[in-house]
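Notes follow the structure.
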Amino acid sequence: MAFELPNLPYATNALEPHIDAQTMEIHHGKHHATYVNNLNKALEGHSDLQNKSIEELLGSLDSLPESIRTAVRNNGGGHANHSLFWQIMGPNAGGQPTGELADAINRTFGSFDEFKSQFAAAAAGRFGSGWAWLIVNPDGSLSITSTPNQDSPLMEGKTPILGLDVWEHAYYLKYQNRRPDYIAAWWNVVNWDEVAKRYAAARG
Numbered sequence: 020m021a022f023e024l025p026n027l028p029y030a031t032n033a034l035e036p037h038i039d040a041q042t043m044e045i046h047h048g049k050h051h052a053t054y055v056n057n058l059n060k061a062l063e064g065h066s067d068l069q070n071k072s073i074e075e076l077l078g079s080l081d082s083l084p085e086s087i088r089t090a091v092r093n094n095g096g097g098h099a100n101h102s103l104f105w106q107i108m109g110p111n112a113g114g115q116p117t118g119e120l121a122d123a124i125n126r127t128f129g130s131f132d133e134f135k136s137q138f139a140a141a142a143a144g145r146f147g148s149g150w151a152w153l154i155v156n157p158d159g160s161l162s163i164t165s166t167p168n169q170d171s172p173l174m175e176g177k178t179p180i181l182g183l184d185v186w187e188h189a190y191y192l193k194y195q196n197r198r199p200d201y202i203a204a205w206w207n208v209v210n211w212d213e214v215a216k217r218y219a220a221a222r223g
């Protein structure tokens, strides 16, 4: 079964003024769509792989045929990463998490502000293209990490619950080279209810 580009859960202008509509249109309709198309192309002729979920594919890259491994890594990672990215943002969002997720963040990082500071540092410090993540480790603990290119924490058996795209295509039209400004604005569109759901699901 072919992978499909997911619909945005809101209008392309819904995250204004923090993320502009033109960036959303290009980012979702062009960049993400290309990852999906190229992933499907890579899997053509591999019927045994076409029924696997993106999580299964990325979690077992070493077992894939060498001829398609890089294409699945790059495009499958791009599809998984962006599918999460659209979901963990929303209009009328921002603020702070509550409940178990808030408790876990405070326990792990000391405070929400300290978490934001460490996460922003991971995003700003990622050289070139990549992502910053809040992940749930196999033991249920939280960590901040970053990955290059379209690599996903799923490739290491970890569950991303919050991700920030720091490829230039995610922010350059509005913020040019001011990545820290983009990071600061992005907190205003984080959908903490969705992140909390993913945290609960990851912990079982």
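Residue numbers (the working numbering): 20 to 223. By construction, the Cβ of each residue, glycine as well, lies at the ideal position given by its N, Cα and C atoms.
**Report entry** Cutoff 7 Å; reference Asn32; Cβ partners in own chain excluding five residues on either side
**Finding:** Looking up residue 32 in the sequence shown gives position 13. Cβ within range, chain order: Ala40.
Query raised in the report: To which residues of the same chain is His50 closer than 6 Å at the C-beta, ignoring the five residues directly before and after it?
Result: For the purposes of this step, residue 50 is taken as the residue at position 31 of the sequence shown. A distance below 6 Å between beta-carbons, with the five flanking residues on each side excluded, links His50 to the following residues of its chain, in chain order: His188.
Query raised in the report: When DSSP labels each residue in this structure, what does Asn58 get in the three-state scheme?
Result: The residue given as residue 58 occupies position 39 in the sequence shown. Looking at the sequence shown, residue 58 is not Asn but Leu. Leu58 falls in the helix class under three-state DSSP.
Requested in this report: Using the Cα positions of Val212 and Ser162, report the straight-line distance between them to the nearest angstrom.
Outcome: Looking up residue 212 in the sequence shown gives position 193. Looking up residue 162 in the sequence shown gives position 143. Reading the sequence as shown, one finds Asp at residue 212 and not Val. Distance between the alpha carbons of Asp212 and Ser162 is about 19 Å.
Requested in this report: With DSSP as the reference, label Ser130 as helix, strand or coil.
Outcome: If you number the sequence shown from 1, residue 130 lands on position 111. In this structure, Ser130 counts as coil in the three-state DSSP scheme.
Requested in this report: Apply the 10 Å Cβ neighbour rule to Pro116 and answer buried if 16 or more other Cβ atoms are within range, or exposed otherwise.
Outcome: Translated into the one-based positions of the sequence shown, residue 116 becomes position 97. Answer is buried; the Cβ neighbour count reaches 16.
Query raised in the report: Under the three-state reduction of DSSP, which class applies to Ala30: helix, strand or coil?
Result: As a working note, residue 30 is residue 11 in the sequence shown. Assignment of Ala30 by DSSP, reduced to helix, strand and coil, places it in the coil class.
Report task. Under 6 Å Cβ to Cβ from Ala141, same chain only, skipping five residues before and after it: list those, please. Result -> Here residue 141 refers to the residue found at position 122 when the sequence shown is read from its first residue. Residues of the same chain with a CB within less than 6 Å of the CB of Ala141, apart from the 5 flanking positions on each side, are Ala151, Ile163, Ser165 in chain order.
Report task. Tell whether a beta-carbon distance below 8 Å holds between Ile202 and Leu183. Result -> Position 183 of the sequence shown holds residue 202. Position 164 of the sequence shown holds residue 183. Yes, Cβ-Cβ distance for Ile202 and Leu183 is below 8 Å.
**Report entry** Option nearest Pro19 by Cα separation, candidates Thr178, Val185, Leu173, Ser102
**Finding:** As shown, the chain starts at 20 and ends at 223. That puts residue 19 outside it, with no answer to give.
**Report entry** Nearest candidate by alpha-carbon position, reference Ala90, set Asn57, Gln69, Ala99
**Finding:** Translated into the one-based positions of the sequence shown, residue 90 becomes position 71. When C-alpha distances from Ala90 are compared across Asn57, Gln69, Ala99, the shortest belongs to Asn57.
Requested in this report: Taking Asp158 as part of the beta strand (DSSP E), name the residues at either end of that continuous run.
Outcome: The sequence position of residue 158 within the sequence shown is 139, counting from 1. Taken as a continuous stretch (DSSP letters only), Asp158 belongs to no beta strand (DSSP E), as it is neither H nor E.
Query raised in the report: Can you check whether the CB of Pro28 is closer than 8 Å to the CB of Gln106?
Result: Working through the sequence shown from its first residue, we reach residue 106 at position 87. Working through the sequence shown from its first residue, we reach residue 28 at position 9. At a Cβ-Cβ threshold of 8 Å, Gln106 and Pro28 count as neighbours.
Requested in this report: Using 10 angstroms around the beta-carbon of Ala21, count the other beta-carbons present and answer buried if the total reaches 16, otherwise exposed.
Outcome: Taking the first residue of the sequence shown as position 1, residue 21 is located at position 2. It counts as exposed.
Query raised in the report: Run through DSSP, which three-state label would Ile202 get?
Result: Start at 1 with the first residue of the sequence shown, and residue 202 comes out as number 183. Correct three-state label for Ile202: helix.
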